[in-house]
Amino acid sequence: MVFALTKDYYKILEVDYDATDDKIRLNYRKLALKWHPDKHKDDGAVTSKFQEINEAYSVLSDPVKRFDYDLTGIYEIEKYTLREYLARFKGMILTCNGLGIGHPSEGAEHLTNGGNVADE
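Residue numbers for the sequence shown follow the working numbering, beginning at 1200 and rising by one.
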């Protein structure tokens, strides 16, 4: 099943899917300074990138918008590696399995921490 990708705001801000508000803010500031149009005169691509960064931050910095984005965002699943997919949807997967967000199963934790099930 393939879904159309809107935008992956976490990748735009270069943060993990479970990033704290402080980490999101820190990366936003770093990227906004790097891509600010005043530093790159007459470059439309830079302006577009800067607007994309602002859009991502406006969603991820607002708890209600972030929650809605996390639940209703449309993703192209094949673009994720297994590790990225598990990290992105860990809370939802564990909650659906009755394990709770704060208590990852040993197998899921092993996969998201870089392990390989085939090695065991």
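Just so you know, even glycine gets a beta-carbon here, dropped at the ideal spot from N, CA and C.
Within a 10 Å sphere around the beta-carbon of Phe1249 sit 16 or more other beta-carbons, which makes this residue buried. Secondary structure in the region 1200–1249: the alpha helix (DSSP H) runs of 4 residues or longer, each lying completely within the stretch, are 1208–1211 and 1220–1233 in chain order. The Cβ-Cβ distance between Ala1244 and Lys1206 does not fall below 9 Å. With fewer than 16 other Cβ atoms from the protein chains shown falling within 10 Å of its own Cβ, Leu1270 counts as exposed. In this structure, the straight-line span from the alpha carbon of Asp1220 to that of Lys1289 is close to 18 Å. Burial state of Val1214 is buried, judged by a 10 Å Cβ sphere holding 16 or more other Cβ atoms.
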